[in-house]
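So the protein sequences, as listed, match chains A and B. For the first sequence, counting from 1, position 89 maps to 89 in full-length UniProt numbering; every step adds exactly one. For the second sequence, counting from 1, position 166 maps to 166 in full-length UniProt numbering; every step adds exactly one. Encoded as structure tokens, the structure appears first; notes follow it.
Protein chains: 2
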Amino acid sequence: MHDANAPLTRPLTRPLADLETPALLLDEPRLQANLQRMAARMAQLGVRLRPHVKTAKCLPVAAATDSANLAAGVPGAGERGPITVSTLREADQFAAAGWRDITYAVGLTANKFAHVHRLLDAGVALTVILDSVDAARALSAAAADWPVPVAVLIEVDTDGQRAGLRPDGAALLEVAAALSGSGVRLDGVLTHCGGAYHAHGEAALRAIAEQERAGAVQAAQRLRAAGFAAPVVSVGSTPTALFAEQLAGVTEVRAGVYVFMDLMMAALGVCRLDEIAASVLTSVIGHQPDKGWTLIDAGWMALSRDRGLAGGFTDQGLGLICDADGRVIGDGGGEWIVSSANQEHGIVTHRSGDPARRLDLPVGTLLRVLPNHACATAAQHPHYELLGADGAVRQRWARFMGW
Amino acid sequence: MHDANAPLTRPLTRPLADLETPALLLDEPRLQANLQRMAARMAQLGVRLRPHVKTAKCLPVAAATDSANLAAGVPGAGERGPITVSTLREADQFAAAGWRDITYAVGLTANKFAHVHRLLDAGVALTVILDSVDAARALSAAAADWPVPVAVLIEVDTDGQRAGLRPDGAALLEVAAALSGSGVRLDGVLTHCGGAYHAHGEAALRAIAEQERAGAVQAAQRLRAAGFAAPVVSVGSTPTALFAEQLAGVTEVRAGVYVFMDLMMAALGVCRLDEIAASVLTSVIGHQPDKGWTLIDAGWMALSRDRGLAGGFTDQGLGLICDADGRVIGDGGGEWIVSSANQEHGIVTHRSGDPARRLDLPVGTLLRVLPNHACATAAQHPHYELLGADGAVRQRWARFMGW
Numbered sequence: 001m002h003d004a005n006a007p008l009t010r011p012l013t014r015p016l017a018d019l020e021t022p023a024l025l026l027d028e029p030r031l032q033a034n035l036q037r038m039a040a041r042m043a044q045l046g047v048r049l050r051p052h053v054k055t056a057k058c059l060p061v062a063a064a065t066d067s068a069n070l071a072a073g074v075p076g077a078g079e080r081g082p083i084t085v086s087t088l089r090e091a092d093q094f095a096a097a098g099w100r101d102i103t104y105a106v107g108l109t110a111n112k113f114a115h116v117h118r119l120l121d122a123g124v125a126l127t128v129i130l131d132s133v134d135a136a137r138a139l140s141a142a143a144a145d146w147p148v149p150v151a152v153l154i155e156v157d158t159d160g161q162r163a164g165l166r167p168d169g170a171a172l173l174e175v176a177a178a179l180s181g182s183g184v185r186l187d188g189v190l191t192h193c194g195g196a197y198h199a200h201g202e203a204a205l206r207a208i209a210e211q212e213r214a215g216a217v218q219a220a221q222r223l224r225a226a227g228f229a230a231p232v233v234s235v236g237s238t239p240t241a242l243f244a245e246q247l248a249g250v251t252e253v254r255a256g257v258y259v260f261m262d263l264m265m266a267a268l269g270v271c272r273l274d275e276i277a278a279s280v281l282t283s284v285i286g287h288q289p290d291k292g293w294t295l296i297d298a299g300w301m302a303l304s305r306d307r308g309l310a311g312g313f314t315d316q317g318l319g320l321i322c323d324a325d326g327r328v329i330g331d332g333g334g335e336w337i338v339s340s341a342n343q344e345h346g347i348v349t350h351r352s353g354d355p356a357r358r359l360d361l362p363v364g365t366l367l368r369v370l371p372n373h374a375c376a377t378a379a380q381h382p383h384y385e386l387l388g389a390d391g392a393v394r395q396r397w398a399r400f401m402g403w
Numbered sequence: 001m002h003d004a005n006a007p008l009t010r011p012l013t014r015p016l017a018d019l020e021t022p023a024l025l026l027d028e029p030r031l032q033a034n035l036q037r038m039a040a041r042m043a044q045l046g047v048r049l050r051p052h053v054k055t056a057k058c059l060p061v062a063a064a065t066d067s068a069n070l071a072a073g074v075p076g077a078g079e080r081g082p083i084t085v086s087t088l089r090e091a092d093q094f095a096a097a098g099w100r101d102i103t104y105a106v107g108l109t110a111n112k113f114a115h116v117h118r119l120l121d122a123g124v125a126l127t128v129i130l131d132s133v134d135a136a137r138a139l140s141a142a143a144a145d146w147p148v149p150v151a152v153l154i155e156v157d158t159d160g161q162r163a164g165l166r167p168d169g170a171a172l173l174e175v176a177a178a179l180s181g182s183g184v185r186l187d188g189v190l191t192h193c194g195g196a197y198h199a200h201g202e203a204a205l206r207a208i209a210e211q212e213r214a215g216a217v218q219a220a221q222r223l224r225a226a227g228f229a230a231p232v233v234s235v236g237s238t239p240t241a242l243f244a245e246q247l248a249g250v251t252e253v254r255a256g257v258y259v260f261m262d263l264m265m266a267a268l269g270v271c272r273l274d275e276i277a278a279s280v281l282t283s284v285i286g287h288q289p290d291k292g293w294t295l296i297d298a299g300w301m302a303l304s305r306d307r308g309l310a311g312g313f314t315d316q317g318l319g320l321i322c323d324a325d326g327r328v329i330g331d332g333g334g335e336w337i338v339s340s341a342n343q344e345h346g347i348v349t350h351r352s353g354d355p356a357r358r359l360d361l362p363v364g365t366l367l368r369v370l371p372n373h374a375c376a377t378a379a380q381h382p383h384y385e386l387l388g389a390d391g392a393v394r395q396r397w398a399r400f401m402g403w
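Right, dumping it as structure tokens:
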């Protein structure tokens, strides 16, 4: 197990040009600004923030998040504050490093019960979610002899995009009733409005944030009216967290990608391009002049295959090209994109596809690629190279992977 | 460094149902059959096989490959035989475990020269590739004082899909001439016909294999006619390796994905669905009956976002659904696919999109997902759970990642 008192980082100052490519860069000033922006917003709204650590999967990023939340006076913030995880492996890793208030926000099934039990035994205040009578009964039966109860939130569907029960449906109360015995404790409801990723413009983002809030609060009120305690109303995504006008009835907000931001968030109007903190450093490895191609050593293994948003948003291919200092190359929000990729090769073309507009730079030139989706791109890398304000590499921060 | 004499595997027999999901499964009988099929073909053609370890990134898979090649009498096979790598990290890992004849098949740039030098110093017989006068000059200058020369292959483009020089162009001879000094040794040419992934039918696969062979041989002959030694003519991909009718003039074949096979190879007619050795074990975590959705705990993090082949091939979404024993569910090559995904959620629908044809299985039911692209799906996982002929988990085999 990781020593909770061990330092989370180790110093490693070196020039950017010393890195082998491809490498995942994390711009610390931009990271800090992103953390502060969300912390200020949550402090203003007066709602607890439970950051989703699935984006970074990195202890030092979570520690920096806690520091920003504490400094801004976010309700519930702590030195090892509340977190959301997408895997029980994240729960293991963060628990071993001292984070104890953890919500696992993917519907629980029986083959994970033993793992949940181990985390509770290790002193983790673990919250799980489910959305079916079957899962509620199975967990109630398995947990009957657990000495510490597991907290349960019922997942609510507020936008028809993924899992969860309708806030106004009969199943909500049936699932609550199916949770029984001393091993489980119904704590309330949780929802995630992934529909925010399809919202064009500020008004649409505000509307979807309100839809998420209203649905979750309605579900909690129906549980309470039926005699169930439902103290927790957990909502969130980065767009809805930043664009919600009010969060009446909500007790906590979850958000993940705001720590790094990405081209999807920029397309939605949630951030500017120069606020994106994560990028992939790459080298020009060749050219095919006839086709207007510049080849780079960042293929889908380094970038992921996430193509970002479809339908009405600008196509950024597999990522947008910046110079080595992180400045977008070209006019109007960038002109060169990674238009296709093999495992370790990226093919850079002009956005127009015009072969005459090749990015004609010498072999060996360093570039950065801004990611469509920071969660997906970061997942392809074992660590972050942390850049200071001077652009030099200050530290290497480890990520973890797997389940 | 890894101890080259340490066992590469450790026993861990357990029932499949004991695994937490998602998990990457590797069916050992199918793996062995795939290895034997390629080995038999190469032995028949009488050409050296240099397996591409980028697919598995796993020492025991490479060791099993060597054993199959030795048993079949493949030219050049050895206990730690020749390999191809896509990253210098693979070279490090395999070299530390005893593999010494390594070709790094991505165009080299200056920020990797020091790493190449370290590998040569450690006794690795390393071959690198390049396709520009600039890269040839830079490497020649850097390597001038290296005590052991680095072998160089000039990358040749035989299908217009990626990097490399035209076999019939002037640049080929210019790059050869730019390699100079005692630190570099021109060994020949290398090509990869990625166009094979767009070939519909056996005749098209045979034609593209011949195109790959002929182009590489032409390039080598032009180098030799101009006075350059070019003993190595390296070609290959899984489809062209298995469908080449003759390989006159070729000295080695590279192929990677054949060890696992995948839905893309099945679509091309290179394998059957029941020959695919890698799959993702997942659990049903819920349903949205109105939409015909079955939710599983394998999202893009477990499956990758690789959507496989476009243009005329059957859309398999993010993967094809099998039962827990690996049998495709439904008629006509499978009926249920992962039609979309979030980070840890997959949405399974009928191929037709008809919501009435929901895969109505209880929460907790185990399923397997066949991958579109085994290289991409396997890269999302830290290890393989190796299944024996009885379907039980026999071992856990580690993968590595990064650069």
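Even glycine gets a Cβ: it sits at the ideal position worked out from N, Cα and C. These numbers were taken from a predicted model, which means no experiment stands behind them.
Determine, using beta carbons only, whether residue i comes closer than 8 Å to chain B.
i	result
A/Asn69	no
A/Cys193	no
A/Trp403	yes
A/Arg50	no
A/Arg118	no
A/Glu90	no
A/Pro231	no
A/Pro22	yes
A/Lys57	no
A/Arg394	no
Quick check: is the beta carbon of residue i nearer than 8 Å to any beta carbon in chain A?
i	result
B/Cys322	no
B/Gln343	yes
B/His115	yes
B/Leu173	no
B/Ala72	no
B/Val47	no
B/His2	With a pLDDT of 48 at B/His2, under the threshold of 50, the modelled position of that residue is not reliable, and the figure given next carries that caveat. It does not: the Cβ of B/His2 has no partner Cβ on chain A nearer than 8 Å.
B/Leu16	no
B/Leu19	yes
Just tell me which of the options has its CA closest to the CA of residue i.
i	options	result
B/Gly256	B/Leu119, B/Val133 and B/Thr84	B/Thr84
A/Leu24	A/His383, A/Arg89 and A/Trp403	A/His383
A/Leu172	A/Val369, A/Arg185, A/Arg222 and A/Val363	A/Arg222
B/Arg213	B/Gly160, B/Ala241 and B/Ala376	B/Ala241
residue 435 of chain A	A/Tyr104, A/Gly78 and A/Tyr197	Residue 435 of chain A falls outside the range modelled here, since chain A spans only 1 to 403, and no answer is possible.
B/Val156	B/Ala143, B/Ser180 and B/Leu190	B/Leu190
A/Tyr258	A/Arg399, A/Pro22, A/Thr21 and A/Ala62	A/Ala62
B/Arg307	B/Trp293, B/Ala341 and B/Arg50	B/Ala341
A/Gly311	A/Ala244, A/Ala95, A/Ala199 and A/Arg166	A/Ala199
Along the chain, where does the alpha helix (DSSP H) containing residue i start, and where does it finish?
i	result
B/Trp300	Trp300 to Leu303
B/Thr377	Ala374 to Ala378
A/Leu179	Looking at the DSSP string, A/Leu179 is not in any alpha helix (DSSP H), and its letter there is neither H nor E.
residue 415 of chain A	Summary: the structure shown does not reach residue 415 of chain A, with chain A confined to residues 1 through 403, and so no result is reported for it.
A/His115	Phe113 to Asp121
B/Gly215	Glu202 to Ala225
Less than 7 Å separating the Cβ of residue i from some heavy atom of the ligand MG?
i	result
A/Gly81	With respect to small molecules bound, the structure shown includes none, and the ligand MG cannot be examined in it.
Between which two residues does the beta strand (DSSP E) harbouring residue i extend?
i	result
B/Glu385	His383 to Leu387
A/Asp159	No beta strand (DSSP E) holds A/Asp159; DSSP gives it neither H nor E.
A/Arg50	Careful: A/Arg50 lies outside any beta strand (DSSP E) and carries neither H nor E.
Compare the C-beta of residue i against all C-beta atoms of chain C and say whether one is closer than 8 Å.
i	result
A/Arg162	Checking the listed chains, one finds no chain C in this structure; the protein chains it contains are A and B.
Three CB pairs or more closer than 8 Å across the segment 50-70 of chain A and the segment 29-38 of chain A: yes
Interface positions of the segment 196-227 of chain B facing chain A (Cβ-Cβ less than 9 Å), listed along the chain: none
At least three beta-carbon pairs within less than 8 Å, the segment 323-333 of chain B to the segment 242-250 of chain B: no
contact_flag[the segment 15-34 of chain A, the segment 213-229 of chain A] where n(CB pairs < 8 Å) is 3 or more: no
Contacting positions in the UniProt domain "D-serine dehydratase-like" (277-388) of chain B - beta carbon closer than 7 Å to chain A: Ser283, Ile285, Gly286, Leu295, Asp297, Trp300, Met301, Ser304, Arg305, Asp306, Asn342, Gln343, Glu344, His345, Pro362, Val363, Gly364, Cys375, Ala376, Ala379, His381 and Pro382
Residues of the segment 133-147 of chain A whose Cβ lies closer than 8 Å to any Cβ of chain B, in chain order: Asp134, Ala135 and Ala138
Any 3 or more C-beta pairs closer than 8 Å across the segment 360-373 of chain A and the segment 307-326 of chain A: yes
Residues, ordered as in the chain, of the segment 85-110 of chain B that lie near chain A by beta-carbon distance below 8 Å: Ser86, Thr87, Leu88, Val106, Gly107, Leu108, Thr109 and Ala110
Inter-stretch contact (C-beta, 8 Å, three-pair minimum) for the segment 92-111 of chain A and the segment 275-294 of chain B: yes
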